[in-house]
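Visitor: Residue numbers (my numbering), protein chains in the order written: chain A, 2 to 484; chain B, 4 to 682; chain C, 22 to 242; chain D, 12 to 332.
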Amino acid sequence: MELLLVLGLPFFGTLILALLGARRFAPELNVGVSLATLIAAAFLVSRVIRFGPLLVWHEQFFVDPFNVFLVALTAFVGFTTAIFSRPYMRIEQAHGRLTPQRLRLYHSMYQLFMGAMLLALLTNNMGLLWVAMEAATLSTVLLVSLYRTKASLEAAWKYFILCGVGIAQALFGTILLYFAAEQTLGRQGMTALLWTHLNAVKAHLEPTVLSLAFVFLLVGYGTKVGLAPLHNWLPDAHAEGPTPVSAVLSGLLLNVALYAVIRCKVLVEGSIGSTLPSRMLMTFGLLSAVLGAFFLWRQRDIKRLFGYSSIEHMGIITFAFGLGGPIANFAALLHMTVHSLTKSSIFFTAGHASQTAGTQRIDGIRGLIGTSPTIGWGLMLGSVAILGMPPFGVFASEFLILTTAMREDPWTTPFLLLALGVAFAGIFSKVQPMVFGESDAPRLPHSPALVPVFVHLAMVLVLGIYMPPALAEWYRAAARLIG
Amino acid sequence: MNAEPWLSYASASLPVQALSWLLILAACWCLLGLIGLLRPRSIHFVAHALFPLGALVCVGIMLLAGSFLATGHAAETMILPLGLPDLPFHLRLDALSGFFLLLLGMAGAGISIFAAGYFRAGEGTAPGLMGLQYHIFLASMALVILADDAYLFMVAWETMALSSYFLVTSQHRIPEIRRAGFLYILMAHLGALCILLSFGVMQGGSWLFTFDAMRAASLTPFWATTAFILALLGFGAKAGLVPMHVWLPEAHPAAPSPVSAMMSGLMLKTAVYAMLRVGFDLLHVRFWQWGALVLALGLFSALFGAIFAAVQTDMKRLLAYSSIENIGLIFTGIGLAILFDASNLRLFAALALAAALLHALNHSLFKSLLFLATGSVLHATRQRSLGKLGGLIRTMPWVATFALVGTLAIAGLPPLNGFVSEWLLLQSFLFTPQLPHAFLNMLIPLGAAALALTVALAAYVMVKFYGIIFLGQPREATLAQAHDANWLERLGLFWLAAGCVAIGVQPQVALRAAGAVTGMLFGQAVTSGASIWQIAPIAPEQASYSGLIFLAGILAVVGITFVGVRLLAHGRMRRTDAWDCGYPWQNSRMQDTAEGFGQPIRHMFGAFFRMERELPAPADATPRYRIQIEDRLWRALYLPTARGVQRLADAVSVLQGGRLSIYLLYSFLTLIGLLVFVL
Amino acid sequence: MHRSHLIAELLRLLAAGLLLISFAMLSRRRTQRLITLYAWQGAILFLSTCLVAYDAGLTELYYSAALTLLLKVITLPWILHRLIRRLGAQWDSEQLVNIPVTMLVGLALVIFAFGLAQPISMLATTITRHTIGIALAVILLSFLMMITRRKAVTQVVGFLAMENGLFFAATSATYGMPMVIELGIALDMLVGVFILGIFFFQIREQFDSLDLHHLESLRED
Amino acid sequence: MRAISLIQQFAEIVLAVAIAPLFAGWIAQCRAWLQNRSAPPLTQPYRMLRKLFHKDVALAANASPLFRLAPYVLFGTMVLAAGIIPSIATDLPFARAADAIALIGLFATARVFMALAAMDIGTAFGTLGARREMMIGFLAEPALLMVLFNAFLLYGSTALPSLVDGHATHPSVIDPSVIFAAIAFVMVLLAENARIPIDNPATHLELTMIHEAMLLEYSARHLALVEWATDLKLFNYACIGFALFVPWGIAIHGADSSSALLLAVAALVAKLILAGAALALIESLSAKLRIFRAPEYLAMAFLLAVLGLLVHLLLGANVNA
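Now the structure itself:
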C-alpha cells in the first residue's frame with residue numbers, strides 16, 4: 002500500500018502541478034507533494050523494518066535492503082530540495098530569468114523525475130527499470146533546458162543525445178539479458194526479466210551472453226553515472242540547469258544509475274563466475290576519480306566545479322563496489338548516502354552564493370562569510386565534508402575504502418592518493434577565496450532557505466561519528482546481497 | 004618505579020579511573036566552546052570567563068596525567084558506543100599517552116590563561132566562534148592522544164587540523180594569511196592520507212582497526228617498512244620535518260599568538276606522540292635502517308631550522324623555524340632510540356627516548372612562552388618585523404623578564420630545562436660506539452657534532468631574537484609608548500617560565516615521568532643513579548648533572564661577590580651617555596639590524612639559501628639595501644609538483660572539447676573496446 | 022517445417038534489406054531522403070515482426086507490429102518531414118568524415134558485429150537466430166552515422182535508426198520483449214521525439230541554424 | 012662526604028680565583044719577552060683590578076638591570092666552573108654537578124650573558140662584538156665536543172674527575188687520537204679565550220676586536236669583574252686541558268692526603284708556567300686572522316678532533332665502560 006503511495010504520489014503531483022502549476026502557491030504544493038511522498042516512504046521503510054523485504058504485485062515490485070535506503074534517501078533529498086527550490090526559484094523569477102509557465106513546467110517535471118527515480122528503484126523488472134531510467138532522462142532534459150539560454154540548450158542537447166545513446170545500449174543489454182533468461186527460465190513473458198528470478202538462477206545463465214550484456218549495460222547506465230570517459234554531459238548539465246536540478250542530478254540520479262549497474266553486476270558476476278565485471282568497475286572507477294580530480298583543477302564555474310567533484314566521487318564509489326567484499330560494499334553504500342546528502346547541500350549553498358554574487362564564475366564570488374555568514378559557512382563546511390575531512394561521514398567511507406584498497410589491491414592506492422590529493426587542492430583552493438576575504442555583494446530579495454543545508458550537514462556529521470543500528474544493519478544486508 | 008612523595012599523595016587524593024575523568028574534562032572543553040556561542044560577540048564573557056575555565060581544565064588534566072604516571076597504574080581502556088558500526092571508539096590511557104597529556108595540560112594551562120588576556124574585540128573571527136574552535140582544538144588533541152583505534156585517531160587528528168586551520172585563518176581578510184592557511188590544510192590532509200594508508204597496512208588483514216589488533220598483527224619486513232615510511236611521511240608532515248616543513252613557517256606566524264603557541268608547543272607534539280605510538284608500540288619489529296633514516300632526517304631538520312631561524316627578520320617566523328629545529332632534535336632522539344632498540348641496547352634506547360620526551364616537554368613550555376611573548380610585543384607595538392623593534396626591556400619589563408627565561412631555556416643553557424634534554428641527547432650519542440655497525444659508528448659522531456653545532460646556533464639565534472627585540476635602543480620612535488602585558492597575560496607567561504625553571508632545576512621529576520614511558524616501551528627506566536640532587540643517565544661516575552647545584556652555586560657566588568664588592572669598594576655610580584669609543588653622534592640606526600646579525604650565517608651557509616640581494620650603487624642619493632632569503636626546497640620540490648599537476652590538468656581538459664561527435668566517439672570506442680576485451 | 026523454413030528465408034531477406042538501408046543512410050546526404058529511408062526501415066521491421074508473430078503464433082507480437090507500423094512508418098516520419106519543412110533544413114551539406122571512409126568503417130563494423138553475434142546465434146532457438154548479428158550491425162552503423170553527421174536532425178534520425186535496430190534485435194532474438202515494456206519503450210520514443218521537436222525550434226530560434234558546430238561553446242578552455 | 016673533600020673543594024676555588032690573574036699576567040710577561048718589549052710586572056693584573064674597583068661607575072643612561080647583572084653572573088659562572096674542574100684534586104663535591112659537556116653549557120651561559128649585556132646599550136660596537144663572539148662560540152663548540160668524545164672513548168666517561176682517575180689507573184694508554192685531540196683543544200682554547208690568531212686581547216682597534224668590543228661600555232667594578240672572569244676563564248680552560256691530557260700530579264680519589272695536595276698544587280703551578288709560556292709562544296708566532304678566516308680555523312680544529320676519533324675507532328682500541 003505504502004508502495005503504491007510512494008510511486009503514485011509523484012505522478013499525481015506531476016499532473017496536478019502541470020494543471021495548476023502557474024498559481025502562486027505552486028512551490029508550496031510542490032513541497033507538499035514531496036513531503037507526502039517522504040511520509041509514504043517513511044511508512045514503507047518502517048514496514049520493511051518490521052516485516053522484512055517486500056515482493057508485491059506479481060513480484061513486479063520489491064523492496065530489499067539494497068533499495069530501501071535509496072528510496073528513503075531519494076524521498077528525503079527530494080523533499081529538502083523542494084524546500085530549497087521554493088525561495089530559490091522565486092529569486093530566479095525576481096531576477097527575471099524565469100516565467101510562470103516555465104515554473105509550471107519545472108514543478109511538474111520535478112515531480113515526474115522523482116516518480117521515475119522511485120519507480121527505477123522499486124521495480125523488480127529489468128525492463129521497467131530501463132523504461133524508468135529513460136523517463137528520468139527525458140524529464141531532466143526538459144529541466145536542464147529550463148532557462149532556454151544558448152548554453153542551457155546546448156547542455157540539454159548534449160545530455161539528451163549522449164544519455165539517449167547510452168540508454169539505447171542499455172536496452173540492447175537488457176534484450177540480451179532477456180534472451181539469456183529465456184534460455185534458462187523458458188518463455189514466460191513478464192516474469193523472465195524479474196531480477197529476483199534471474200538472481201535465483203543466475204548460476205545457470207549463459208556466461209558469454211551475459212558478459213556481452215554487461216558490457217552494453219555498463220556503457221549504457223555508466224553514461225548516466227558519469228563514469229569517465231562517458232561523463233562529458235555531466236558538467237554541462239550540472240552547470241547550466243537550475244540549481245535544484247543540479248542538486249537532484251548529482252545527489253540522486255547518479256545514485257540510481259549506479260544502482261542499476263550494480264544490480265546487473267550482481268547477476269552477471271553470479272553467472273560468469275569470474276571477477277571480470279568487478280575489474281571493469283574498478284578500472285572505470287579509478288579512471289573517473291583521477292580524471293575528475295584533474296578536471297577540478299582549472300574550473301572557473303562553481304557549479305561545474307562540483308559537477309566534476311561528483312564524477313570523482315562516483316568514481317570512488319564505483320571503485321569500491323568493484324573491490325567487493327563486505328567492507329568495501331558497506332563503504333560504497335555509505336559513500337552513496339553521504340555523498341548525495343553533502344553534494345546536494347553544497348549545490349544549495351552554491352546556488353545562493355551565485356545568486357548573491359550575480360554570477361556563477363568563481364572569481365566573481367568573494368567573501369561570502371562577510372555578506373551572508375550562513376551561506377559562507379555552509380559552503381565551507383560542505384566542501385570540507387565532501388573533501389573527506391573528519392568528523393564528517395564522507396571520511397568514514399573513504400577511510401574504509403582506502404584501508405581496504407591498501408590491503409586488497411595496493412597498486413590502486415597511488416591513484417587514489419593522487420585523486421584525493423589533487424581534488425583537495427583543486428576544490429579547496431577555489432572555495433577558500435569564495436568564502437573568505439572582502440566582499441561588497443547586495444543581499445538577496447528573498448531570504449534563502451538554508452535549513453536543508455544544515456540538516457544535511459548535520460546528518461553527514463552524525464553518520465561520521467555514530468551510525469544508527471538499523472541503518473548499519475541494512476548496509477550490511479545490502480553488502481551481503483551485492484557480495 | 005618508585006613515585007615522588009608529593010605525586011603519590013596527589014594520586015591518593017584522586018580517583019583511580021583516571022581515563023573517565025580525562026574524558027569528562029575533554030568534554031568540558033567542548034562544552035565551554037559551545038557556551039561561548041551563546042554570546043559570540045561579548046569579549047568579556049568569552050575571554051574573561053571561559054578561557055580561564057579552560058585553563059583550569061588544563062590543570063586538571065595535568066594533575067590527573069601526572070598522578071597516573073607517578074602511581075604507575077596499569078593501562079586503562081574504555082569503549083564508547085560511537086564510531087563505525089563494527090568499530091566503536093576505543094580509548095586507552097597508558098604511560099605514553101599519560102606523558103603527552105601531562106605536556107598538553109601543563110603548556111595548555113599557561114596558554115589559555117594568556118589567551119584570556121590576549122584576545123581583543125574586533126580581531127578577525129567573533130570571539131565566541133574563536134573560543135569554540137580553540138577549545139575543540141584542545142579537546143581533539145587530547146583525543147588524539149587517548150585514541151586506541153585507527154578511526155577515532157583519524158577523526159581526532161583531522162578535527163585537530165581543521166579547527167587549527169580555522170584558527171589560523173581567523174584574520175582571513177589578509178591574503179597572505181589565506182595563502183598560509185591553504186598551504187597548511189593541504190599539507191595536513193596529504194599527511195593524513197599517508198597515515199590512513201599506514202593504518203591500512205598495519206591492520207594486517209584482520210579487519211579490526213583497533214590498535215590492539217595492530218599490535219597483534221605480524222607483518223612481513225616489507226609491509227612493516229611500508230607502514231613505517233608512510234607513518235613517517237604523515238606524521239613528519241604534521242611535525243614539520245624537513246622536507247615536509249614548508250607550511251610551518253607560513254602558518255605559525257599567520258595565526259594569532261596563542262594559537263601559534265598551541266600549534267608549535269602542543270600540536271607538533273601530537274605528531275611526535277603518534278610517531279612513538281606507531282614506531283614503538285604498534286609495530287612489533289624495528290630495523291636499524293629506520294633508525295638511521297629518522298636520525299638523518301632529524302639532524303638535517305635541526306640544522307636546517309637553526310640556520311634558517313638565524314636569518315629571519317620576522318620574529319614569529321624566526322620562532323617557527325626554531326620549532327623545526329627543536330622537532331629535529333626530538334626526532335634525532337627517536338632515531339637513536341630506534342637504532343639502540345634494533346640492536347637490543349635497551350638501556351641506551353631508553354636514554355635516547357627519555358631525552359626526546361623530555362625535550363618535547365621542554366619545547367612545549369619555552370616555545371609557547373616565547374610565542375606568547377611575541378604576542379604581547381605585537382599588541383604593544385603592532386610590529387612583527389625585528390627591524391622596527393628594540394629596547395622594549397625598558398617599556399615592557401615583565402614580558403622582557405619572562406622572555407629572558409624562555410630565551411635562555413631554548414638556547415640550551417644550564418640551569419634551565421632546555422639544557423637538560425640536550426645534555427641527555429648528547430649523552431645518548433656518546434654510547435653509539437657500542438652499536439654493532441662499524442659504518443654507523445664512524446658516521447654518528449659527526450651527527451653528535453652536527454647536534455652540538457645546532458645547539459650552539461640556537462644560542463646564536465636566541466641572542467639575536469632577544470637582543471634585537473628587547474635590548475638596545477628603540478628603532479622606532481613609537482616604541483616609547485609600548486605598554487606592558489596585562490595581569491592575565493603575565494600570569495600565563497609566569498606559569499610557563501616557572502615550568503622552565505622547575506624542570507631545569509629538578510629534572511628528576513620529569514625524568515621519572517619519561518621513565519614510566521621508557522619502562523612501558525623498553526622495560527627500562529632512566530632513573531639509575533639519580534638522586535634528589537642530580538641526574539645520572541647511566542652511572543654517576545660516567546656523567547652526571549645537577550641543575551640545583553648549578554643554580555645554587557651561581558646565586559651564592561653572585562651574592563657573595565656583590566656583598567664583597569660593596570664591602571671592599573663602594574657603590575658610587577653616575578649615569579652618562581654611552582661611550583662607544585668616544586663617537587658622539589651615534590643613534591639607534593647604527594645598531595645591528597636583524598639582517599646584520601644574520602650576515603655571518605648567510606656567509607657561511609650560503610648553500611642552503613636562495614638569496615636575492617639589492618645593493619645600493621656607490622653614488623646613490625637614497626641608498627637602500629634589501630635582501631630576500633628563500634628556501635631552496637620550495638623551488639626544488641613544491642613548485643615543480645604544482646606545475647606538473649597543472650600541466651596534467653591542461654592535458655586532461657582536452658577531453659572536454661565541447662564537440663558532441665567527439666563525445667559520441669568516446670562512448671563508441673569505449674563500447675567497442677570493452678566488447679573486444681570481453682571476447 | 023517447410024513453411025517455417027520459407028519464413029526463415031524471407032526473414033533473412035528482410036534482415037539483409039535492413040542492413041542495406043542502414044548503409045544507404047550512411048551514404049545519403051539529403052535529410053528528407055534519410056527520413057524516407059527511416060520509414061522504409063520501419064516498414065521492413067513491421068513485415069519481419071508480422072512474419073515472426075505468424076510463425077510463432079504469438080498474438081502480442083501482432084500488437085507490437087501494429088505499434089511499429091503506427092509509430093515508425095507513419096507518425097515519426099510524418100513529424101520529421103513536417104519539422105524539416107518548417108525548419109527548412111533539407112540539406113545536410115558536409116560530413117565530418119568523407120563517405121567512402123565511412124563506408125569502409127561501416128563494413129568493418131558489420132564484420133565485427135557478426136563475429137560478436139556468433140556465440141549468441143549458436144544459442145538462439147528461434148528461427149530468426151542468424152539475424153541478431155544484423156541487428157547489432159544496424160545499431161553500430163547508426164551509431165557511426167550519429168558520430169559522422171553534423172546536423173541535429175540527422176543525428177536524431179540516426180538515433181531512431183538505432184532504436185529500430187534494437188527493436189529488430191528484440192523480435193529476432195527473443196520474439197519481442199514483454200508487452201508492457203514494448204509499450205513503455207514506444208511511449209518513451211514518442212515523448213523523446215516530441216521533445217526533440219521542441220528542441221529543434223528552440224535551437225533554431227537561439228542559433229538560427231541546426232548546425233551542431235554552434236553547440237560547441239561549453240568546453241574546458 | 013669526607014671533610015678532606017670539602018677542604019679540597021674550597022682550596023681549589025680560592026686558588027683559582029687567586030692565581031687566575033697571575034696566570035694572565037705571566038702570559039703577558041712572556042709575550043713581552045718574546046717580542047722583546049719591557050714586560051709589565053707579574054702583579055699588573057691585580058693592580059688593574061684594585062684601581063678599577065675604586066673608580067666610580069659611569070653607566071650609560073639607557074643601561075638596563077641586565078647590563079649591571081651580567082658581570083656578576085659572568086664571574087659567578089667562572090668561579091663555579093673553577094670549583095668543578097679538578098685542578099688539584101678529583102674528589103670534589105661540586106664535580107658531580109656537571110660533567111665536561113655540562114661545563115661547555117656553563118661557559119655558553121657566560122657567553123650569552125656577555126653578548127646580551129653588550130647589546131643592551133645599543134651601540135654599534137657592542138652589537139658587533141656580540142655577534143662575532145656568538146659566531147666564534149657556535150663554531151668552537153662542536154670541535155670541543157669532539158675532543159670530549161675522544162676522551163670518552165678512551166676512559167668511558169665525560170666526568171672530568173673520572174677521566175683523571177681513569178688515566179691514573181691505566182696510564183699506559185697513549186692513544187694516537189690523544190695527540191689530535193690535544194692540538195684541536197689548544198686551537199679551541201685560543202679561540203674561546205680571545206687570543207691571537209682569532210682575537211687580540213691587547214687591541215682596541217675597533218674593527219678587529221671581538222671580546223673587547225663587548226666590554227666597551229663597562230667601567231670600574233663591573234669592568235673589574237669582567238676582566239677577572241676573563242682571566243678565570245683562561246685558567247679554567249687550561250685546567251680542563253691539564254685534566255684531559257696531562258693529569259699527572261693531581262691528587263686522585265682515595266690517594267689524597269695533605270701532602271698529596273701540596274704536591275698537586277706544585278704540579279699545577281709548574282704546568283701553568285709551561286702552558287703560559289707555550290701560549291705566549293704560539294701567540295707571538297702566529298698572526299691575527301681576518302674575522303672571516305675564523306670559520307676555516309675552527310673547522311680545522313674540528314677536523315683534527317674528528318680525525319682523532321676516526322683514528323681511535325680504526326685502531327679499534329675500545330676501552331669503553
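Note that the Cβ used here is the ideal one computed from N, Cα and C, for glycine as well.
1. Where does the unbroken beta strand (DSSP E) through D:A71 begin, and where does it stop?
2. Is the separation between the beta-carbon of B:L558 and that of B:Q509 shorter than 8 angstroms?
3. Determine the burial state of A:H205: buried for a count of at least 16 other Cβ atoms within 10 Å of its Cβ, exposed for fewer.
4. Listed from N- to C-terminal order along the chain, which residues in the segment 133–165 of chain D have their beta-carbon within a distance smaller than 7 angstroms of any beta-carbon of chain B?
5. Would you say B:L663 faces chain C, with C-beta separation under 8 angstroms as the test?
6. Out of B:G409, B:L59, B:V464 and B:L491, point me to the one whose CA is closest to B:L306's CA.
7. According to DSSP, is B:S424 helix, strand or coil?
8. Taking only runs of the alpha helix (DSSP H) that begin and end inside the segment 194–274 of chain D, which ones reach a length of at least 4 residues, in chain order?
9. On the criterion of 16 or more Cβ atoms from any shown chain inside 10 Å, does B:P84 qualify as buried, or is it exposed?
10. Which same chain residues end up closer than 6 angstroms to D:A43 when comparing Cβ atoms and leaving out the 5 residues on each side of it in sequence?
11. Considering only their Cβ atoms, is the gap separating B:G409 from B:F117 smaller than 8 angstroms?
12. List, in order along the chain, the chain C residues whose C-beta lies closer than 9 angstroms to that of B:G660?
13. Based on the DSSP output, what are the partners of D:A39 in its beta bridges?
14. Thinking B:A357 and B:F343 are a contact (beta carbons under 8 angstroms), I'd like their distance in whole angstroms, please.
15. Is there at least one Cβ from chain B nearer than 8 angstroms to D:N73's Cβ?
16. What do you reckon, is the C-beta of A:D364 under 7 angstroms from a heavy atom of the ligand NAP?
17. Checking contacts by CB at 8 angstroms: is B:F283 closer than that to chain C?
18. Does the beta-carbon of A:L16 have 16 or more other beta-carbons within 10 angstroms, so that it is buried, or is it exposed?
19. When the Cα atoms are used, what is the spatial distance from A:I347 to A:S384?
20. Assuming C:L130 and A:I176 form a contact by the criterion Cβ under 8 angstroms, report the distance between their Cβ atoms to the nearest whole angstrom.
21. One question on the structure: do B:L658 and A:P236 come within less than 8 angstroms of each other, judged by their Cβ atoms?
22. Taking C-beta pairs closer than 8 angstroms, name the residues in chain B that A:V226 reaches, listed in chain order.
23. Please report the straight-line C-alpha distance between D:L33 and D:Y57, rounded to a whole angstrom.
24. Quick one, which residues of the segment 208–230 of chain B are near chain A if we go by CB-CB under 8 angstroms, in chain order?
25. Identify whether C:K172 lies in helix, strand or coil by the three-state DSSP scheme.
26. Would you report the Cα separation of B:H30 and B:A441, rounded to the nearest angstrom?
27. Does any CB atom of chain D fall closer than 8 angstroms to the CB of B:W9?
Guide: Answer, in terms of the structure:
1. V68 to A71
2. no
3. exposed
4. G133, T134, A135, F136, T138, L139, A141, R142, M145, M146, G148, F149, E152, P153, L156, M157, F160, F163 and L164
5. yes
6. B:V464
7. helix
8. 222–225 and 231–256
9. exposed
10. A50
11. no
12. E237, R240 and E241
13. DSSP, once it has assigned bridges, lists no residue as partnering D:A39.
14. About 12 angstroms separates the two Cβ atoms, so there is no contact after all.
15. yes
16. The ligand NAP is not among the ligands present in this structure, which contains no ligands whatsoever.
17. no
18. exposed
19. 7 angstroms
20. With 8 angstroms as the limit, C:L130 and A:I176 do not qualify as a contact, their Cβ atoms being about 19 angstroms apart.
21. no
22. Neighbours of A:V226 on chain B: none; closest Cβ ~13 angstroms, over 8 angstroms.
23. 8 angstroms
24. G208, W210 and F212
25. strand
26. Going by the sequence as given, residue 30 of chain B is Ala instead of His. The alpha-carbon atoms of B:A30 and B:A441 are separated by roughly 52 angstroms.
27. Because the pLDDT at B:W9 is just 39, under 50, the model does not fix this residue reliably, and the value given afterwards should be weighed accordingly. No, its Cβ sits nowhere closer than 8 angstroms to a Cβ of chain D.
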